[in-house]
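Asker:
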Amino acid sequence: MQYTRLGKSDLLVSRICMGCMGFGDPSTGQHRWTLDETASRDIIRHALEQGINFYDTAIAYQNGSSERYVGRALREMAKREEVVLATKFLPRTAAQIAEGISGKQAIARSLDQSLRNLGMDYIDLYIYHIWDYNTPVIDVLEALHTAVTAGKVRAIGISNCYAWQLAKVNALAEREGLTSFVSVQSHYNLIMREDERELFGLCAEEGIAMTPYSALASGRLSRLEGHDGDARDEEIKGAQRGKALPFAHVEQRGDAVRDGQRRDHHRENDASRQRGAKNSHRQVGGEENKRKTKRAPGGMETKDGDRQLNQIVAGGDDQQMK
């Protein structure tokens, strides 16, 4: 296992992080395909045996049961100082706003509840799960800085934000002498590549670690064609019937990309046959494409010109997370 510093923090993490959204009581919370505690423990045990020391959960995952499963397993299977544990907090709810609970109060309460769920007295990386448009960002920064100075949190990260938001919030933190975000967790894979436009460059310039999620697009990039029928597919079908389910658009986009590629492939084959020419170099992964592609250090294949993508995603810069 390879290890690296998480951005500018002093956290030494394995380059593979165990995402824990799939752990939790399937009878409660957002998903019904999550694993029970026994199955979750088996996976965590195997991960520890492989040298994975970085675990990422959230209070939102199955109403806190993911935190409880992960906390119990790590307390029993590993020394606290040998693992890096991340969890996340959500924006204020409408009910909290109506009750007059401030952004600072909401974060403090969520943090204390996560510590109880985990059975631990500090969190290594506390992540701002989704941008809270109803709370001044200075309140978020001050609440997180208070948590760091109190010893409840070692470092802070952010998730699901735009590059301009991350740039703004860290500039504000620097100006006000508050704790800055050392990492960003975004939705990134070969279908969802928007972060390549600006976020990658910002992180490379500022030494901010990237911990992308959904690398296989909820399985779309690894699923055999025609496969369906699992619980996640049922969730997507529910979203298509009008139920609001997170990230359903990714599966739909994956289907559209796949179908579009198939149509393009057939059109190119027909055109090549009409010209009487060979078409292998036109296909994705054909010999011409292979000659233009090189293998990056982390195993990702990139075009010769994608030096920045190669550096950040494949781990060319030791400060960046793959």
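If you're matching positions, the sequence shown starts at 1 in our numbering and goes up one per residue.
Every residue, glycine too, gets a C-beta built ideally from N, C-alpha and C.
(1) What are the start and end residues of each continuous beta strand (DSSP E) run of 3 or more residues lying completely inside the region 128-193, in chain order?
(2) How should Pro91 be labelled, buried or exposed, when 16 other C-beta atoms within 10 angstroms of its C-beta is the threshold for buried?
(3) Are the Cβ atoms of Gly22 and Thr34 separated by less than 9 Å?
(4) Where does Ala86 fall in DSSP's three states?
(5) Kindly indicate which three-state DSSP category Lys292 falls into: helix, strand or coil?
(6) Once you ignore the five residues that flank Phe54 on each side, which residues in its own chain have a CB closer than 6 Å to its CB?
(7) Looking at Trp164: is its Cβ nearer than 9 Å to the Cβ of Glu142?
(8) Starting from the C-beta of Val184, find all residues in its chain whose C-beta is less than 8 Å away, skip the five residues before and the five after it, and write them out in chain order.
(9) Does the structure place the region 102-109 close enough to the region 126-143 that three or more beta carbon pairs sit under 8 Å?
(10) Just confirm the distance between the C-beta atoms of Thr87 and Glu67, as a whole number of angstroms; I'd bet it's less than 8 Å.
(11) Who are Arg220's beta bridge partners in DSSP?
(12) Let's see if you can read the secondary structure: which residues bound the alpha helix (DSSP H) around Phe200?
(13) When we look at the beta-carbon of Leu11 and count the other beta-carbons within 10 Å, is it buried (16 or more) or exposed?
(14) Using CA coordinates, which residue listed in Asn63, Asn189, Ala78, Arg41 is at the minimum distance from Asp25?
(15) Nearest-angstrom Cα distance between Ser222 and Ile43?
(16) As a quick exercise: from Gly201, Leu178, Val169, Tyr213, pick the residue whose alpha carbon is nearest that of Leu190.
(17) Per the DSSP calculation, Ile123 is bridged to which residue(s)?
(18) Would you call the CB atoms of Tyr126 and Leu144 closer than 9 Å?
(19) Please report how far the alpha carbon of Gly71 lies from the alpha carbon of Tyr122, in whole angstroms.
(20) Give the straight-line distance between the Cα atoms of Val148 and Leu224, rounded to the nearest whole angstrom.
(21) So, for Thr57: in the same chain, excluding its five sequence neighbours on each side, which residues have a beta-carbon less than 6 Å away from its beta-carbon?
(22) Tell me where the alpha helix (DSSP H) around Ser110 begins and ends.
(23) Kindly indicate the opening and closing residues of the alpha helix (DSSP H) around Leu6.
(24) Per DSSP, which residues does Val13 bridge with? Please list them.
(25) First and last residue of the alpha helix (DSSP H) that includes Asp42?
(26) For Asp56, which of helix, strand or coil comes out of DSSP?
(27) Would you mind sorting His129 into buried or exposed? The rule is 16 or more other CB atoms within 10 Å of its CB.
(28) Spatial neighbours of Gly7 within its chain, please: C-beta separation below 7 Å, excluding the five flanking residues on both sides.
(29) Take Thr179 and list the residues in its own chain whose beta-carbon comes closer than 7 Å to its own, dropping the five residues that flank it on each side.
(30) DSSP three-state label for Ala215, please.
Answerer: Put simply:
(1) 153-159, 181-185
(2) As a working mapping, residue 91 is identified with position 91 in the sequence shown. Classification of Pro91: buried, given that the 10 Å Cβ count is 16 or more.
(3) Residue numbering aside, residue 22 sits at position 22 when the sequence shown is read from its first letter. Residue numbering aside, residue 34 sits at position 34 when the sequence shown is read from its first letter. Cβ distance < 9 Å, so Gly22 and Thr34 count as in contact.
(4) The residue labelled residue 86 in the question sits at position 86 within the sequence shown. Here Ala86 sits in strand by DSSP.
(5) Your numbering for residue 292 matches position 292 in the sequence shown. For Lys292, the predicted model reports a pLDDT of 37, less than 50, meaning its position is unreliable; a value from the coordinates is still stated below. Lys292: coil per DSSP, three-state reduction.
(6) Looking up residue 54 in the sequence shown gives position 54. Correct list, in chain order: Val13, Ser14, Cys17, Val84.
(7) In the sequence shown, the residue the question calls residue 164 occupies position 164. In the sequence shown, the residue the question calls residue 142 occupies position 142. No.
(8) Walking along the sequence shown from the start, residue 184 turns up at place 184. Contacts found: Gly157, Ile158, Ser159, Cys161, Leu166, Leu199, Cys203, Ile208, Ala209, Met210, Thr211.
(9) yes
(10) Along the sequence shown, one-based indexing puts residue 87 at 87. Along the sequence shown, one-based indexing puts residue 67 at 67. Rounded, the Cβ-Cβ distance is 6 Å, consistent with contact.
(11) As a working mapping, residue 220 is identified with position 220 in the sequence shown. Arg220 pairs with nothing; no bridge assigned.
(12) Start at 1 with the first residue of the sequence shown, and residue 200 comes out as number 200. Looking at the DSSP string, the run of the alpha helix (DSSP H) that includes Phe200 is 199-206.
(13) Translated into positions along the sequence shown, residue 11 becomes position 11. Counting Cβ neighbours within 10 Å, Leu11 comes out buried, since at least 16 surround it.
(14) Translated into positions along the sequence shown, residue 25 becomes position 25. Nearest C-alpha to Asp25: Asn63.
(15) By one-based count along the sequence shown, residue 222 stands at place 222. By one-based count along the sequence shown, residue 43 stands at place 43. Each residue's Cα considered, the two are about 20 Å apart.
(16) Working through the sequence shown from its first residue, we reach residue 190 at position 190. Considering only alpha carbons, the answer is Tyr213.
(17) Your numbering for residue 123 matches position 123 in the sequence shown. Val153.
(18) Here the question's residue 126 lines up with position 126 in the sequence shown. Here the question's residue 144 lines up with position 144 in the sequence shown. Yes, the pair counts as a contact, with Cβ atoms nearer than the cut-off.
(19) Residue mapping note: residue 71 aligns to position 71 of the sequence shown, counting from 1. Residue mapping note: residue 122 aligns to position 122 of the sequence shown, counting from 1. Distance between the alpha carbons of Gly71 and Tyr122: 11 Å.
(20) By 1-based counting over the sequence shown, the position of residue 148 is 148. By 1-based counting over the sequence shown, the position of residue 224 is 224. Spanning the two alpha carbons is a distance of roughly 45 Å.
(21) The count along the sequence shown starts at 1 and reaches residue 57 at position 57. Only Cys20, Ser66, Glu67, Val70, Thr87 meet the Cβ criterion.
(22) As a working note, residue 110 is residue 110 in the sequence shown. 103-118 is the extent of the alpha helix (DSSP H) around Ser110.
(23) Along the sequence shown, read from residue 1 onward, the residue named residue 6 stands at position 6. Per DSSP, Leu6 belongs to no alpha helix (DSSP H) and is neither H nor E.
(24) Locating residue 13 in the sequence shown gives position 13, where the first residue counts as 1. Answer is Thr4, bridged to Val13.
(25) Locating residue 42 in the sequence shown gives position 42, counting from the first residue. That run of the alpha helix (DSSP H) goes 37-49.
(26) Walking along the sequence shown from the start, residue 56 turns up at place 56. Three-state DSSP puts Asp56 in a strand.
(27) Stepping through the sequence shown from its first residue, residue 129 is reached at position 129. Looking at its Cβ environment, which holds 16 or more other Cβ atoms inside 10 Å, His129 is buried.
(28) Numbered from 1 along the sequence shown, position 7 holds the residue referred to as residue 7. Contacts found: Val182, Ser183, Gly207, Ile208, Ala209, Gln319.
(29) Your numbering for residue 179 matches position 179 in the sequence shown. Excluding sequence neighbours, Thr179 sits near Leu144, His145, Val148, Ile156, Ala173.
(30) Here the question's residue 215 lines up with position 215 in the sequence shown. If DSSP states are grouped into helix, strand and coil, Ala215 belongs with coil.
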